[in-house]
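Peer 1: Please see the structure below; I have some questions.
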Amino acid sequence: ELVVPEEPRGAAPAGFLQELPSYQSALRRRGAAGGAGTQERRAAPRGSTGLRAAEAPGPEPEGGELPARPAREYPLTIAEKRRLRDYQQADIKYLSGWKQWKRTSSKSLKKVLNEVKELSSYLELWRHDIHSIEGKFGTGIQSYFSFLRFLVLLNFIIFIVMFSFVTLPSIISKYGIFNSSFAKIPPKNIEPHCTVYKPNGNKGLVYFYTYLKDLLSGTGFLEVTSLFYGYYTIDAAWFSILRYNLPLAYLLATFAYLALSLLWIIIRSVEGFKQNLVHDEDQFQSYCNKVFAGWDFCITDPNAAQLKHRSLQYELQTDLEEERLKRKIADRTMKEKLRIYSLRIFINIIVIAVLSGCFYSIYRATVFSQENSSYVGNTNFQANLLVQYLPSIVITLANFIAPQIFSFLIGFEDYSPAFEIRLTLMRCVFVRLANIGVLLFSLWSHISYCVTNECKACGYNYELYPCWESEVGQEMYKLMIFDFIIILGVTLFVDFPRKLLVTHCSCKPIQWCGLQEFGISDNVLEIIYGQTICWIGTFFSPLLPAIATVKYFIIFYIKKISLIHTRKPAARPIRASSSNFFFLVVLLIGLVLAFIPLGISIAHIPSSKACGPFRSFNTSWAVVPDTINGLPTGLQQVLYGIASEAFAVPFFMVICLVMFYFIALAGAHKRVVEQLREQLVLVRFDPLF
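Count along the sequence shown starting at 1, add 458, and that's the number in my numbering.
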């Protein structure tokens, strides 16, 4: 029979840990036990005797009570932790009644919070599914699905903001719910022809394909619903005696969802940035991390384990290849440098030419669609739908063809494998997000094109675009719907047939092609592209986040089925920590790029005079100074003072000083880290150190 000794062998290591400088520093920082108590703990022997000396019950020292740390936080054995718990409970009788109640209530509150946190984890969306994916395919692919869940929650919150402050007050006031009413103020000093807006709502007998066309393009019956900007035509809503300024609420809700998105992304990026700094080590540390800490213990599937083996092998080969390239770069002659730099310049010229071709194609497709969509008869369903979706089709083709060209050209530029991946991804990010910008530029150039005096009086092309904000919202709506159709169509009509062919056909060409890889970066760029569309389109279509929420909710299951049944994990996966940070950085780039068209639409382009909440203002931003002018004089002076140069310049200087302070602090921390690494190197060679 095995007899467990009362004093386990783990006691000595626990005492050794208590002798470490870091542990003694922690004791000094606590400082609540006084000088004598500290010396007593330092002189305590190892093992359980040291434990009794450190935690012996006694009178509370003056200056404050010793903070009660849970027993699990100490580097002790189970037996010693039990004795430590008994000492802590016995120590309570030396405390006053108030401090006993304070410690007990603090402990109870912490327990309740832990239970609430544990309960909330069970309510987390897709908790079991994501854990299952993590167990079968590792943390790299799990990071993609966690990122998709984040976008679902983000869009749902944006929808709540827009619906609560814009859509719901409009609906309540229009139908007179809760004794409410609304007011419409006719625009002043506006030409009458600028205020004419007749939506193309369906009247009389309507064919089924007309409803289908309207559902896919956002025209017809959808154009007059709360989905688009043109529906919100009231200037104020009255709830009993309270006046609700809808134009101001519309603008502030737009700023709110953009600020919320920015803050949420930054908060999530901080942790990934810290992990990215930790992994930014030299090659020796990178080699040690891969050999001794590179395995993903979340993997339970044999195929995923074999894939992880190949991934680690590929990473080691990549490190060796990068070292070989560094040696090759160092040994290059001047002639070889001129050759490779000339080749890179030539390839970048080709890349610029490809981008220019994509942008010009999108511009021409947008102009053609806008000029001919109204001339195609409603009876010709296919032609009408094709013309309506022509910009979306061209953008999708550009998003598919351009990355293939970039992946082919990058092989001739003689970069390191890691830099090849980053450069290709950044080019793909640029082409996807820039395509949206070119589409909006094409629309705005068409909207702002005026020749006659009547058109110049309105400030925009009132004949083709009496409510141009709704037109832009329809384009964003079509881009989002078409993007979802493409994702669903590729899974159903490309991945599944390919899976069947690979499984049931033994032809060598088919077996050589194999299953399509589940590329994490490509899938992330796909959903970031859709999220950028949502950010831009929400101002013109307030309920677009609801569509995005449903879209990403369905895409989660589509991608899950595709991963498990029709695709295989990529042979060159990326690390979960770096991938999370990369996803959020690219998402942040998309958000920053969304600021540009929204800022131009709000502050520069004249608002429609025939629809929307800003028809009484020259631009959407004009509602802000108009609201400020209605405030008391003292408050006006304060707000104008904050917006003046006298406040802005000192504020900017203070911000610069704070920024320089943190930069200097970061530099000091970096030097300390370098010194600690040098000390670790000395420890390796000199054990006495």
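Just so you know, even glycine gets a beta-carbon here, dropped at the ideal spot from N, CA and C.
Only a predicted model underlies this, so the values are computations on that prediction, with no experimental measurement involved.
Three-state secondary structure (DSSP) at tyrosine 1119?
Peer 2: The answer is helix: DSSP assigns tyrosine 1119 an H, G or I state.
Peer 1: Compare the C-alpha of glutamate 773 against each of Asn747, Gln840, Leu534, Tyr920 and name the closest.
Peer 2: The residue with the shortest Cα to Cα distance from glutamate 773 is Asn747.
Peer 1: Name the one or two DSSP bridge partners that glutamate 975 has.
Peer 2: Answer is Lys1026, bridged to glutamate 975.
Peer 1: Using 8 Å as the cut-off, can you tell me whether the segment 944 to 953 makes contact with the segment 1007 to 1020, which would need three or more C-beta pairs spanning the two stretches below that distance?
Peer 2: The segment 944 to 953 vs the segment 1007 to 1020: in contact.
Peer 1: List the endpoints of the continuous beta strand (DSSP E) containing tryptophan 696.
Peer 2: It spans 694 to 697 - the beta strand (DSSP E) in which tryptophan 696 sits, taken as one unbroken run.
Peer 1: Quick check on the burial criterion: 16 or more other C-beta atoms within 10 angstroms. Buried or exposed for cysteine 1114?
Peer 2: Burial call: exposed.
Peer 1: In this structure, does DSSP put arginine 541 in helix, strand or coil?
Peer 2: Three-state result, arginine 541: helix.
Peer 1: In terms of alpha-carbon separation, which member of Phe940, Phe870, Val1050, Thr758 lies closest to arginine 802?
Peer 2: The candidate whose alpha carbon is nearest that of arginine 802 is Phe870.
Peer 1: Mark serine 554 as exposed unless 16 or more other C-beta atoms lie within 10 angstroms of its C-beta, in which case mark it buried.
Peer 2: That one is exposed.
Peer 1: Alpha carbon to alpha carbon, how far is glycine 988 from aspartate 941?
Peer 2: Taking the straight line joining both Cα atoms gives about 7 Å.
Peer 1: Any idea what DSSP makes of histidine 589, helix, strand or coil?
Peer 2: In the structure shown, histidine 589 sits in a helix (DSSP, three-state: H, G or I).
Peer 1: With three or more C-beta pairs closer than 8 Å as the rule, is the segment 1044 to 1054 touching the segment 700 to 720?
Peer 2: In short, these stretches touch, since the Cβ pair count reaches three.
Peer 1: Going by the DSSP bridge assignment, what does arginine 726 pair with across the sheet?
Peer 2: Looking at the DSSP assignment, arginine 726 forms no beta bridge with any residue, so it has no partner.
Peer 1: Tell me whether the beta-carbon of isoleucine 588 lies closer than 8 Å to the beta-carbon of serine 578.
Peer 2: Cβ distance not < 8 Å, so isoleucine 588 and serine 578 don't count as in contact.
Peer 1: Inspect the beta-carbon positions of glycine 676 and phenylalanine 686 and report whether they are closer than 8 Å.
Peer 2: Yes, the Cβ-Cβ distance between glycine 676 and phenylalanine 686 is below 8 Å.
Peer 1: Would you report the Cα separation of isoleucine 991 and arginine 785, rounded to the nearest angstrom?
Peer 2: Going from the Cα of isoleucine 991 to the Cα of arginine 785 covers about 45 Å.
Peer 1: Where does the unbroken alpha helix (DSSP H) through tyrosine 873 begin, and where does it stop?
Peer 2: No alpha helix (DSSP H) contains tyrosine 873, which DSSP labels as neither H nor E.
Peer 1: Under DSSP, the beta strand (DSSP E) around asparagine 647 begins and ends at which residues?
Peer 2: Premise fails: asparagine 647 is in no beta strand (DSSP E) and is neither H nor E.
Peer 1: Going by C-alpha distance, which of Ser819, Ala892, Ala695, Ile868 is nearest isoleucine 1054?
Peer 2: Residue Ala892 is the option with its Cα nearest to isoleucine 1054.
Peer 1: Who are the Cβ neighbours of alanine 763 in its own chain at under 7 Å, not counting the five residues just before and after it?
Peer 2: These residues qualify, in order along the chain: Ile757.
Peer 1: Between Leu709, Lys560, Ile724, Lys766, which lies nearest to glycine 598 when the distance is taken from Cα to Cα?
Peer 2: Of the listed residues, the one whose Cα sits closest to glycine 598 is Lys766.
Peer 1: Do isoleucine 905 and tryptophan 926 count as a contact pair if the criterion is CB distance below 8 Å?
Peer 2: Contact flag set, yes.
Peer 1: Per DSSP, what kind of secondary structure is asparagine 432 in: helix, strand or coil?
Peer 2: Residue 432 cannot be examined here, being either before or after the span of the chain that is shown, 459 to 1147.
Peer 1: Return the CA-CA distance between aspartate 693 and isoleucine 879, expressed in angstroms with no decimal places.
Peer 2: C-alpha separation (whole angstroms): 51 Å.
Peer 1: Give a yes or no on whether the C-beta atoms belonging to glycine 752 and leucine 778 are separated by under 8 Å.
Peer 2: Going by C-beta atoms, glycine 752 is not nearer than 8 Å to leucine 778.
Peer 1: Does the segment 968 to 988 come into contact with the segment 1001 to 1020, if we say contact requires no fewer than three beta-carbon pairs (one atom in each stretch) closer than 8 Å?
Peer 2: As far as the Cβ criterion goes, the segment 968 to 988 touches the segment 1001 to 1020, which means the pair count is three or higher.
Peer 1: Just to confirm, is the Cβ distance from phenylalanine 864 to arginine 885 under 8 Å?
Peer 2: Yes, Cβ-Cβ distance for phenylalanine 864 and arginine 885 is below 8 Å.
Peer 1: Counting beta carbon pairs with one atom in the segment 915 to 923 and one in the segment 1056 to 1069, are three or more of them shorter than 8 Å?
Peer 2: Output reads yes: the segment 915 to 923 touches the segment 1056 to 1069.
Peer 1: Using only the alpha-carbon positions, how far apart do leucine 973 and aspartate 980 sit?
Peer 2: Cα to Cα, leucine 973 sits roughly 16 Å from aspartate 980.
Peer 1: As a quick exercise: from Gln546, Pro849, His586, pick the residue whose alpha carbon is nearest that of glutamate 829.
Peer 2: Among Gln546, Pro849, His586, the Cα nearest to that of glutamate 829 belongs to Pro849.
Peer 1: Can you tell me where the alpha helix (DSSP H) holding leucine 796 begins and where it ends?
Peer 2: From DSSP, the alpha helix (DSSP H) with leucine 796 extends over 792 to 830.
Peer 1: Classify glutamate 520: buried if its beta carbon has 16 or more other beta carbons within 10 angstroms, exposed otherwise.
Peer 2: Bear in mind that the predicted position of glutamate 520 carries a pLDDT of just 39, short of 50, making it too unreliable to give a figure here.
Peer 1: Just the Cα atoms here: how many angstroms apart are glycine 995 and isoleucine 615?
Peer 2: Straight-line Cα distance between these residues: approximately 16 Å.
Peer 1: What would DSSP say about asparagine 703, mapped onto helix, strand or coil?
Peer 2: Looking at asparagine 703 - three-state DSSP - the assignment turns out to be strand.
Peer 1: Whose C-alpha, out of Thr1077, Arg1073, Pro1071, is nearest the C-alpha of alanine 1061?
Peer 2: Of the listed residues, the one whose Cα sits closest to alanine 1061 is Thr1077.
Peer 1: Which residue from Asn1038, Tyr545, Val1096 puts its Cα closest to that of arginine 607?
Peer 2: Closest by alpha carbon: Asn1038.
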